[in-house]
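Notes follow once the structure below has been shown.
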Ligand code: SF4
Ligand code: SF4
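Residue numbers (our numbering), protein chains in the order written: chain D, 56 to 154; chain U, 2 to 394.
Structure representation (C-alpha cells):
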C-alpha cells in the first residue's frame with residue numbers, strides 16, 4: 056500500500072485524478088484462504104484464468120504460470136472450476152511464517 | 002458604475018428566482034415539480050422552450066433523479082442547477098450529501114414547505130433543517146429581492162476555488178414564492194459578467210485527463226475527505242464577504258452573514274430566519290415608537306453558522322428570543338440550539354429562550370411577535386424554555 060497522505064495533499068471530493076490507479080491497490084491482504092497451484096496436475100485449460108474475478112491468474116501464451124498474490128483475494132473460484140484439482144485452497148495461517 | 006439601469010418589476014419570489022436562473026443560464030437544469038417550487042421550474046422551462054436560454058433542461062421522474070442528473074452534469078464540468086421543496090428535498094437527501102461531499106458547486110433554490118406528515122403544502126423550515134448537516138451552504142431569505150440576489154451571488158460563492166460547495170437558497174413557501182413584490186433586476190449582461198464562466202475542476206468530459214468520481218473511500222481516506230469539507234465551510238467565512246462586496250458593486254445591495262436591525266441600543270433582541278424577519282422589523286418599529294428598546298438579528302446564512310457574528314451582536318443584551326419555524330423532536334429547535342451554543346463562551350450571556358412558531362404554514366402575526374418581546378421586557382421570560390407562538394393549548 057502506498058504511503059497515506061494527509062487531507063491537504065489529496066484531491067477534493069474523493070476524486071481519483073489518475074487513470075488505472077486500482078493497479079496499485081493491494082487486495083491480496085484480504086485473503087483468508089490461499090490458492091496453491093500444482094504445475095504437475097495442470098493441463099493449461101485456462102478455466103481458472105477465465106473465471107478468476109480479480110485477474111490474478113498469470114498466463115503467458117495460454118500457459119498457466121501461477122497466481123498473483125498481490126491481487127488474489129482467495130475466493131476459491133479457481134480451485135472450484137479446475138477440472139484437474141490442480142489448485143488447492145489452504146489457510147493463510149499455514150503461511151504466517153512467510154509473511 | 003453600472004452601464005445599464007436596473008429594472009424594477011413586480012414579481013413573485015418564484016419568478017424572481019426563475020429570472021435569476023435565466024440570467025445565470027446554467028448549462029443544465031434537471032428538475033421535478035413540487036408545490037410550492039413548481040412556478041420556478043415552470044417559468045424556467047418556458048425560457049428554455051422559447052429559446053431564451055440555451056440550457057439543457059432535463060425533466061426527470063423524481064427529485065432523486067433530478068439531483069442525480071445535476072451531480073452528473075456538474076461532475077462532467079457543467080454549471081448545473083435544480084430547485085425543490087419539502088418531500089422533494091427529502092427524496093433527494095441521499096444525493097444532496099453526495100453533491101456536497103463530491104464538492105460540486107451546484108446552486109439550488111429551495112422553497113420551504115413543511116415535511117409530511119400529516120401532509121401539508123405550506124411553509125416551515127423542517128425540509129431544509131433536515132439537510133443542515135449535509136454539507137451545503139444555506140441561505141434563508143426575507144423577500145423576493147433577496148431570493149433573486151442570493152441565487153446570483155451563490156453561483157460565485159459555490160464555484161470559488163476555496164469553497165467548491167453546493168448552496169441552497171431557501172425562500173419561504175407561498176409567503177415569498179407566490180407573493181408579488183417589486184424586485185430590482187440587474188441587466189442580463191451585468192449578471193452574466195458577474196457569474197462569469199465556470200472553471201471546472203476535474204471535469205469528466207476532459208477525456209485527455211480521465212478521472213474517477215465517487216469511488217469507494219474507506220477508513221483510509223474518508224476521514225481526510227470530510228476534513229476537507231470542514232475546511233471548505235471555514236473558507237466560506239472569508240470568501241463570502243469578498244463575493245458579497247463584488248455583488249454590492251453591481252447591485253448596491255449589501256449582504257452579510259446576518260443583518261442587524263435597530264440593534265445599537267437594543268436590550269431585547271429577536272433572532273429569526275426567512276420572511277418572518279419582515280414581521281419582526283415592523284413590530285420592532287412599532288414597539289420602538291412606544292419606547293421599547295427592541296431589535297432584530299436576521300440570520301441570512303445558517304450554514305456555515307456565523308458564530309462570531311452571533312457573539313458580536315448578542316453578547317451583553319438583556320434577553321434574546323430565538324424564533325424557529327421547525328422543531329427538533331426531543332432536542333432544542335435548530336436555530337435556538339445554534340445561537341445558544343455560539344454564546345456559551347460569551348463573557349456576558351443574555352437571558353435566552355426559544356419560541357417555535359409557524360409550523361405547517363401557521364401565520365405569525367404582529368401580536369405574536371409583541372407577545373414574545375413583552376415576555377422579555379416584563380422579565381417573565383423563563384431562561385432556556387421552549388415556548389410556542391400561535392399554538393392552541
Ligand atoms: S482464489 Fe479467487 S482471486 Fe485468487 S486466483 Fe483463485 S479465482 Fe482468482
Ligand atoms: S483450471 Fe486447473 S488445469 Fe486449468 S489451467 Fe487452471 S490450474 Fe491448470
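Glycine included, every Cβ here is placed at the ideal spot set by N, Cα and C.
### Query
Less than 6 Å between the CB of residue 139 of chain D and some heavy atom of ligand 3, yes or no?
Only ligand 1 and ligand 2 can be found as ligands here, which leaves ligand 3 out of the picture.
### Query
Which residue from U:105, U:194, U:147 puts its Cα closest to that of residue 177 of chain U?
Looking up residue 177 of chain U in the second chain gives position 176. Nearest of U:105, U:194, U:147 to residue 177 of chain U, Cα basis: U:147.
### Task
Specify the secondary structure class of residue 4 of chain U as computed by DSSP and reduced to three states.
Residue numbering aside, residue 4 of chain U sits at position 3 when the second chain is read from its first letter. Per-residue confidence for residue 4 of chain U stands at a pLDDT of 48, beneath the threshold of 50, marking its modelled position as unreliable; no derived number is given.
### Query
Closest to residue 389 of chain U by CA distance: which of U:270, U:323, U:159 is it?
Translated into the one-based positions of the second chain, residue 389 of chain U becomes position 388. Nearest option by C-alpha distance: U:323.
### Closer than 7 Å to chain U by CB, residue 143 of chain D
Position 88 of the first chain holds residue 143 of chain D. Not an interface residue.
### Message
Below 7 Å on C-beta distance, what does residue 221 of chain U contact in chain D?
### Response
As a working note, residue 221 of chain U is residue 220 in the second chain. Proximity of chain D to residue 221 of chain U at the Cβ level (cut-off 7 Å) is accounted for by 59, in chain order.
### Query
Roughly how many angstroms separate the alpha carbons of residue 65 of chain D and residue 372 of chain U, rounded to a whole number?
If you number the first chain from 1, residue 65 of chain D lands on position 10. If you number the second chain from 1, residue 372 of chain U lands on position 371. Their backbone Cα atoms lie some 53 Å apart in a straight line.
### Message
Given the structure, does residue 98 of chain D come close to ligand 2, in the sense that its CB is under 6 Å from one of the ligand's heavy atoms?
### Response
If you number the first chain from 1, residue 98 of chain D lands on position 43. Look at residue 98 of chain D: its beta carbon is less than 6 Å from one of the heavy atoms in ligand 2.
### Query
Hey, which unbroken runs of the alpha helix (DSSP H) at 4 residues or more fall wholly within the region 312-341 of chain U?
none
### Query
Buried or exposed: where does residue 172 of chain U fall if 16 or more other Cβ atoms within 10 Å of its Cβ makes it buried?
To locate residue 172 of chain U, count along the second chain from 1; it is residue 171. Residue 172 of chain U is classed as buried because its beta carbon has at least 16 other beta carbons within 10 Å across all chains shown.
### Task
Give a yes or no on whether the minimum CB-CB distance between residue 218 of chain U and chain D is below 7 Å.
Indexing the second chain from 1 puts residue 218 of chain U at position 217. Residue 218 of chain U counts as touching chain D.
### Contact residues within the region 67-91 of chain D, judged by C-beta distance below 7 Å to chain U
67, 68, 69, 70, 71, 72, 74
### Task
Round the Cβ separation of residue 142 of chain U and residue 275 of chain U to the nearest angstrom and send it over; I've been treating them as touching at under 8 Å.
On the second chain, position 141 is the one that residue 142 of chain U refers to. On the second chain, position 274 is the one that residue 275 of chain U refers to. Residue 142 of chain U to residue 275 of chain U, Cβ: 7 Å. Contact.
### Query
What beta strand (DSSP E) runs, 3 residues minimum, are completely inside the region 166-249 of chain U?
168-173, 181-186
### chain D contact for residue 211 of chain U (CB, 7 Å cutoff)
Indexing the second chain from 1 puts residue 211 of chain U at position 210. Closer than 7 Å: yes.
### Message
Can you check whether the C-beta of residue 80 of chain U is within less than 7 Å of a C-beta belonging to chain D?
### Response
The residue you call residue 80 of chain U lines up with position 79 of the second chain. For residue 80 of chain U, the closest Cβ of chain D is not nearer than 7 Å.
### Query
Comparing the C-beta of residue 126 of chain U with each C-beta of chain D, is any distance below 7 Å?
Position 125 of the second chain, counted from the start, is the residue given in the question as residue 126 of chain U. No, because no Cβ of chain D sits closer than 7 Å to the Cβ of residue 126 of chain U.
### Residues sharing a beta bridge with residue 139 of chain U, DSSP
The residue labelled residue 139 of chain U in the question sits at position 138 within the second chain. Among the bridge pairs identified by DSSP, residue 139 of chain U is matched with U:169, U:304.
### Query
Three-state secondary structure (DSSP) at residue 359 of chain U?
The residue given as residue 359 of chain U occupies position 358 in the second chain. Coil, per DSSP.
### Neighbour flag for residue 104 of chain D against chain U, beta carbons, 7 Å
Mapped onto the first chain, residue 104 of chain D falls at position 49. For residue 104 of chain D, the answer is no, since every Cβ of chain U falls outside 7 Å of its Cβ.
### Query
Cβ of residue 195 of chain U within 7 Å of Cβ of residue 170 of chain U?
Working through the second chain from its first residue, we reach residue 195 of chain U at position 194. Working through the second chain from its first residue, we reach residue 170 of chain U at position 169. It is not a contact, given that the beta carbons lie outside the stated cut-off.
### Task
Compute the minimum distance between the beta carbon of residue 77 of chain D and the heavy atoms of ligand 1, and state whether it is under 6 Å.
Along the first chain, read from residue 1 onward, the residue named residue 77 of chain D stands at position 22. It does not: the Cβ of residue 77 of chain D is nowhere closer than 6 Å to a heavy atom of ligand 1.
### Message
In the DSSP output, which residue or residues are listed as bridge partners for residue 367 of chain U?
### Response
If you number the second chain from 1, residue 367 of chain U lands on position 366. The partner list for residue 367 of chain U (beta bridge, DSSP) is empty, contrary to what the question assumes.
### Task
State yes or no: is the C-beta of residue 128 of chain D nearer than 6 Å to some heavy atom of ligand 1?
Counted from its first residue, the first chain places residue 128 of chain D at position 73. In terms of side-chain proximity, the C-beta atom of residue 128 of chain D is found nearer than 6 Å to a non-hydrogen atom of ligand 1.
### Message
Nearer than 6 Å: is that true of the beta carbon of residue 109 of chain D relative to any heavy atom of ligand 1?
### Response
As a working note, residue 109 of chain D is residue 54 in the first chain. It does: the Cβ of residue 109 of chain D is within 6 Å (strictly closer) of some heavy atom of ligand 1.
### Query
The beta strand (DSSP E) with residue 114 of chain D in it runs from where to where?
As a position in the first chain, residue 114 of chain D is number 59, starting the count at 1. Element bounds for residue 114 of chain D: 112-115.
### Query
Between residue 328 of chain U and residue 201 of chain U, what straight-line distance do the alpha-carbon atoms span, to the nearest angstrom?
Here residue 328 of chain U corresponds to residue number 327 of the second chain, with the count starting at 1. Here residue 201 of chain U corresponds to residue number 200 of the second chain, with the count starting at 1. The alpha-carbon atoms of residue 328 of chain U and residue 201 of chain U are separated by roughly 38 Å.
### Query
Considering only the beta carbon of each residue, do residue 334 of chain U and residue 355 of chain U sit closer than 7 Å?
On the second chain, position 333 is the one that residue 334 of chain U refers to. On the second chain, position 354 is the one that residue 355 of chain U refers to. Note that the C-beta distance between residue 334 of chain U and residue 355 of chain U is below 7 Å.
### Query
What three-state label does DSSP hand residue 78 of chain U in the structure shown?
Along the second chain, read from residue 1 onward, the residue named residue 78 of chain U stands at position 77. Here residue 78 of chain U sits in coil by DSSP.
### Message
Following a CB-centred definition, is residue 146 of chain D positioned closer than 6 Å to any heavy atom of ligand 1?
### Response
Locating residue 146 of chain D in the first chain gives position 91, counting from the first residue. No - ligand 1 has no heavy atom lying nearer than 6 Å to the Cβ of residue 146 of chain D.
### Task
Could you tell me whether any Cβ in chain U is nearer than 7 Å to the Cβ of residue 128 of chain D?
Taking the first chain and counting its residues from 1, the one referred to as residue 128 of chain D is at position 73. No - not a single Cβ of chain U is within 7 Å of the one on residue 128 of chain D.
### Query
For the 8 Å Cβ check, are there 3 or more pairs between the region 85-92 of chain D and the region 118-137 of chain D?
Yes, they touch.
### Message
I'd like the ranges of any alpha helix (DSSP H) spanning at least 4 consecutive residues and lying wholly in the region 32-110 of chain U.
### Response
39-50, 64-77, 87-102
### Query
Can you give the Cα-Cα distance for residue 3 of chain U and residue 155 of chain U, rounded to whole angstroms?
Here residue 3 of chain U is taken as the residue at index 2 of the second chain, counted from 1. Here residue 155 of chain U is taken as the residue at index 154 of the second chain, counted from 1. Annotation note: pLDDT 44 at residue 3 of chain U (below 50); position unreliable, coordinate value reported separately. Residue 3 of chain U and residue 155 of chain U: Cα-Cα distance of roughly 21 Å.
### Query
Are residue 134 of chain U and residue 114 of chain U closer than 7 Å when you measure CB to CB?
Your numbering for residue 134 of chain U matches position 133 in the second chain. Your numbering for residue 114 of chain U matches position 113 in the second chain. The Cβ atoms of residue 134 of chain U and residue 114 of chain U lie no closer than 7 Å to each other.
### Task
With hydrogens ignored, establish whether the beta-carbon of residue 142 of chain D is closer than 6 Å to any heavy atom of ligand 2.
On the first chain, position 87 is the one that residue 142 of chain D refers to. True, at least one ligand heavy atom lies under 6 Å from that Cβ.
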